[in-house]
Structures are given as structure tokens and as C-alpha cells.
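Since the structure comes first, as C-alpha cells, the remarks are kept for the end.
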Amino acid sequence: MTKDTTSAKQGKKLAQNAEKLSKKRKISSPTDMRLLHPDAGEFALILMAGQLRFYRKALMASIVVAGVSIFAAVQGFNREEVEPKYFAQQRDGTITNVVPLSEPFVDETGMRDWAEQCLIDTLSLSFVKTIQEVNTSLHRCYTDDGRMSVHRWLIEGKGQKDVHLGGTVYIPRDSQLANIITREIQMSASKLAAGKIVSIEPVVDPSTKRNVSRWMVRLPVVITKQEGRRGAGSGNFTVTAILRRVHDVDKPKGVAIDAFQIVSGANHV
């Protein structure tokens, strides 16, 4: 039996069924007649198959999208947070890596050597340009709190008499700065031995809530004062400085002096 013969028989059977249905049901429109056409069943099956293929593809696409979303969510949950890296441009145009303030920018020897030179410069003063010399050292080496600690050392006194520095500025006559100016003192300092540097407890930056590393440097020095015609005199002292990590292109070692203290005697190191 050929395929054409089989199709003809199936068509004939469909036509007979349609005729039976037409007798039971009154056909009132051409649309109803088309629904009873011998090819109507085949057309319905083809349409249904197409719809099934469409729904199957849509379902597969939905499964793929859901799988990708779940994978991405799991990967994002399991991925560790990576600390961002930042870079800065120096005054000479070079690009450097910005190290977090919780880490040292250079090794401790580099920080200690830098701090020692800053302290020597702070203690090397002249009555001729005292204020200019102090300001140069303060800007190059200190934070705001560090500058205040140097100011206190220079201008604090216990006497009742004051020295007029010009304008509305008066300082105690027995203060370091007043002595240097009124007695025409040339003061210089040199280290007796290498200083010692140790890491101390960090502080928390209130703006970022992150730790900021700190170090303490102690340096034994000898201070010599040349006082006009009276000659020179010297004494031993110990200088203590607290270093704090900073982001400042003017601070080549990534630290600044946050506190300054000097005491008589060189046996405190």
C-alpha cells in the first residue's frame, strides 16, 4: 500500500466523520465548514506541534537564564572583597602606589633616619630668623597636632613677664623662644647615637574608620647654645617623636611627626 493511498483513505474517513457531525449539528457559517474540512485535523496537529516547540524553547531559555543568575549570585557571595589600589602623581610627575595607612610606606630604618633629621632641624634655631626656621621645619615634617606640640615647647613659660614680638603677640619671657630672641642665641643640635624606633598602637581615622599606623622614635642629642658674647654651653637631651602614617606628597617617607617632646638627659633611650 502506497503513502498516497493511505492518505486518501484517512481523508475519506475524516470527510465521513465530518458529514456525520454535520447531521447532528447545524452548520451555519463558512468557518464551521472549514473546521470540518478533511485537512482540518492535520492543520490542528501541525499548529499544536509548533506551539509545543515554541513553549519548549521558551522553557529551556528560562532554565538557562535562571541557572546563570544562580551561578552569578553564588560567585558574588563567595568572592572575597578585594582592597582597591590607588595611585598618586608626585610633584615631579612620577606615579606612585598609594599604600594603605595601616601599612608602612618605607621600612623602619628609612622612617627613623627621616625623623632624626627633622628633629635635628627643629632644634637648630637662630635669633635672626627664628620664626621662619621654625615654620620651615614644621611644614616639612609635622602634622597639625605635631606643630602644636612644638609650639608649646617654644612659647610655654612660668614667669609673669612677657616679651612683645610685634603686633598683639606676647610670649612669656622665660620661654625657649623668648630666650633665643632676647639673648641672641644660636642653637644647634647633633645626635649622640642612632635613635630607636618601635611600632606602637595604631589610631582609628574617624573619617574612614580604618587603622592608621604609628611609630615612636627616641633620639639622644646634644644641644649647643652660642649666646652672644657669653660664649657657648651644651647639654644632653632625649627627644621623643610619634610618627603617624600620612598621604602627603610633601612627606617622602609617608609619615609625619604627630607629637614632640624633649627632656633633659640622654639616658632615656
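Residue numbering for the sequence shown is 474 to 742, as defined by the numbering used here.
By construction, the Cβ of each residue, glycine as well, lies at the ideal position given by its N, Cα and C atoms.
Keep in mind that this is a model prediction, so the values were computed, not measured.
Less than 9 Å divides the Cβ of Asp-618 from the Cβ of Asp-731.
The C-beta separation of Ser-663 from Val-695 comes to about 6 Å, placing the pair in contact by the 8 Å criterion.
Straight across, the Cα-Cα distance linking Asn-652 with His-624 is about 14 Å.
If you look at Arg-687, you'll find it in the beta strand (DSSP E) that goes 684-700.
Counting C-beta pairs closer than 8 Å gives three or more between the region 580-600 and the region 711-726, which meets the contact rule. Around Gln-659, the same chain offers Ser-599 and Gln-699 as residues with beta carbons nearer than 6 Å, after the five sequence neighbours per side are excluded. Around the beta carbon of Ser-672, fewer than 16 other beta carbons sit within 10 angstroms, so the residue counts as exposed.
Comparing alpha carbon positions, the residue from Arg-691, Tyr-643 and Met-584 closest to Lys-669 is Arg-691. Apart from sequence neighbours up to five positions away, the residues of its chain that approach Arg-683 with a beta-carbon distance below 8 Å are Pro-573, Leu-574, Ser-575 and Val-677, ordered along the chain. An exposed status is given to Ser-707, since fewer than 16 other beta-carbon atoms sit within 10 Å of its beta-carbon. Per DSSP, the unbroken alpha helix (DSSP H) holding Ala-588 starts and ends at 581-595. Exposure of Ser-737 is indicated by the presence of fewer than 16 other C-beta atoms within 10 angstroms of its C-beta.
Here Thr-595 is buried. Its C-beta has 16 or more other C-beta atoms within 10 Å. Bridge pairing for Asp-635: Pro-645 [DSSP]. By the neighbour-count criterion, in which 16 or more other beta carbons inside 10 Å mark a residue as buried, Gly-727 falls on the buried side. Here Val-712 is not near Leu-627, since their CB atoms are 9 Å or more apart. A Cβ-Cβ distance of about 15 Å is found for the pair Arg-687 and Pro-679, leaving them out of contact under the 8 Å criterion.
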